[in-house]
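Student: Here it is: the structure, laid out below.
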Amino acid sequence: MIKPDKTVVKETISVALWSVIFSLIMQAIFLLIGKWDYTVLLGNLWGASVMVLNFYTMGLFVQKAVVAQEDDAKKIMKLSHMLRTLALFALIVIGVVVPWFSTLTVIISLFLSHFAILCKAYKDNFNLKKEESAQDE
Amino acid sequence: MFEIAVAIILGCCALGAGTAMVAGIGPGIGEGNAVAKACEAIGRQPESKGDVTTTMLMGCAIAETTGLYALVIAILLIFVAPNMFIEILKSAIG
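The listed protein sequences correspond, in order, to chains C and Y. Under this note's numbering, the residues of the first sequence are numbered 383 to 519, in order. Under this note's numbering, the residues of the second sequence are numbered 7 to 100, in order.
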């Protein structure tokens with residue numbers, strides 16, 4: 383069992399928080415258009431949890447890979463990608479096939495964590511530029 | 007005749023799903039190369055391990071998006087599209 387690094391835990395929590403924000407926005411939109419029911423909520427929870435778990439697992443593999451030799455790191459990441467894709471396939475199929483989950487919200491939720499990462503990257507970049515301009519002044 | 011049409015629909019959906027998953031190869035290779043370079047960077051400057059890991063995590067997650075698109079398309083082609091096309095076929099036949 384790999385002990386998660388401080389960086390991995392911090393980034394996962396940050397992505398999870400952003401995903402929660404986007405999920406709330408999505409739920410609000412479904413409520414506004416009058417299409418909300420329990421399957422929308424469950425589908426959103428399922429999709430977002432799967433993607434946060436996928437990010438955490440990727441973090442663990444990256445943590446393991448960055449301290450390995452170059453060739454071993456490549457192999458670790460290729461293996462990680464293959465295993466995570468298979469796990470994602472199984473978990474998304476459950477989300478699509480089981481009637482408790484709305485297929486549309488499961489699929490939208492899969493991309494929420496990517497929006498979250500993009501937003502976080504823009505925010506970090508903005509803060510960095512702000513710090514640099516403050517130092518210049 | 008109807009059975010043949012259904013078989014063609016199912017076969018085409020399966021072929022499409024398989025073809026879509028070719029896009030899953032790229033992120034695997036890309037992530038591998040990126041992490042290999044990250045190892046090199048950490049080897050040169052071990053004190054930057056935290057920053058490199060953070061950048062790597064974000065980069066890998068973004069690189070994986072194309073693979074995820076392919077996976078979603080494949081799943082939709084296998085589990086959602088056949089029923090939809092068969093319904094369209096049924097309504098067309100009447």
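A virtual CB, placed ideally from N, CA and C, is assigned to each residue, including glycine.
For C:F404, is the classification buried or exposed, using 16 other Cβ atoms within 10 angstroms of its Cβ as the cut-off for buried?
Tutor: buried
Student: What in chain Y is Cβ-close to C:T485, meaning under 7 Å?
Tutor: For the C-beta of C:T485, the chain Y residues within less than 7 Å are, from N- to C-terminus, V86.
Student: Indicate whether the contact test is met: 3 or more Cβ pairs, each with one atom in the segment 447 to 454 of chain C and one in the segment 20 to 34 of chain Y, closer than 8 Å.
Tutor: No, the segment 447 to 454 of chain C is not in contact with the segment 20 to 34 of chain Y.
Student: Could I get the ranges of all uninterrupted alpha helix (DSSP H) runs contained in the segment 23 to 83 of chain Y, with 4 residues as the minimum, in chain order?
Tutor: Runs of the alpha helix (DSSP H) inside the segment 23 to 83 of chain Y: 31 to 50, 55 to 69 and 71 to 81.
Student: Which residues of chain A have a Cβ atom closer than 9 Å to the Cβ of Y:I68, listed in chain order?
Tutor: Among the protein chains in the structure shown, which are C and Y, there is no chain A.
Student: Assuming C:N469 is part of the alpha helix (DSSP H), what are its boundary residues?
Tutor: Per the sequence shown, residue 469 of chain C should be read as Ala rather than Asn. C:A469 -> alpha helix (DSSP H) spans E452 to V479.
Student: Applying the 10 Å Cβ sphere with the 16-neighbour rule, what's the burial state of Y:A98?
Tutor: exposed
Student: Using a Cβ-Cβ cut-off of 7 Å (strictly less than) and excluding sequence neighbours within five positions of C:F497, which residues of its own chain qualify?
Tutor: Correct list, in chain order: F404.
Student: Measuring only the C-alpha atoms, how far is Y:L95 from C:T485?
Tutor: 22 Å
Student: I'd like the list of long-range same chain contacts for C:G425, defined as Cβ closer than 6 Å, with 5 residues on each side in sequence excluded.
Tutor: F483, S484, T487 and V488
Student: Could you tell me which of C:L500, C:S491 and C:G441 sits nearest to C:T389, measuring between CA atoms?
Tutor: C:G441
Student: Might you give, ordered along the chain, the residues of its own chain that have their beta carbon closer than 7 Å to the beta carbon of C:C501, omitting 5 neighbours on each side?
Tutor: W400
Student: Return yes when the Cβ of Y:G17 is within less than 9 Å of the Cβ of Y:L83, no when it is not.
Tutor: no
Student: Please classify C:V391 as buried or exposed, where buried requires at least 16 other C-beta atoms within 10 Å of its C-beta.
Tutor: An exposed status is given to C:V391, since fewer than 16 other beta-carbon atoms sit within 10 Å of its beta-carbon.
Student: Would you call C:F443 buried or exposed, if buried means 16 or more other Cβ atoms sit within 10 Å of its Cβ?
Tutor: buried
Student: Select from Y:A69, Y:G24 and Y:E93 the residue whose C-alpha is nearest the C-alpha of C:T499.
Tutor: The sequence given here places Ile at residue 499 of chain C; Thr does not occur at that position. Among Y:A69, Y:G24 and Y:E93, the Cα nearest to that of C:I499 is on Y:A69.
Student: With distance defined between alpha-carbon atoms, name the residue in C:F508, C:K460 and C:L470 nearest to Y:G38.
Tutor: C:K460
Student: Would you say C:K388 touches the ligand COA, meaning its beta carbon is less than 8 Å from a heavy atom?
Tutor: Absence of the ligand COA from the depicted structure is noted, as is the absence of any ligand whatsoever, leaving it without description.
Student: DSSP three-state call for C:P386: helix, strand or coil?
Tutor: C:P386: coil per DSSP, three-state reduction.
Student: Could you work out which residue in C:V480, C:Y420 and C:I490 is closest to C:G429 when comparing CA atoms only?
Tutor: Here the closest residue by C-alpha is C:I490.
Student: Within a Cβ cutoff of 6 Å, which residues of the same chain sit near Y:A44, ignoring the five residues on either side of it in sequence?
Tutor: V58 and M62
Student: So with CB distances below 8 Å, who are the chain C contacts of Y:V41?
Tutor: V444, A447, V448, A455, K456, I458 and M459
Student: How far does the alpha helix (DSSP H) with C:V448 in it reach, from first residue to last?
Tutor: That run of the alpha helix (DSSP H) goes Y420 to V448.
Student: Just reading off the alpha helix (DSSP H) that C:S515 is part of, what are its end residues?
Tutor: T485 to D518
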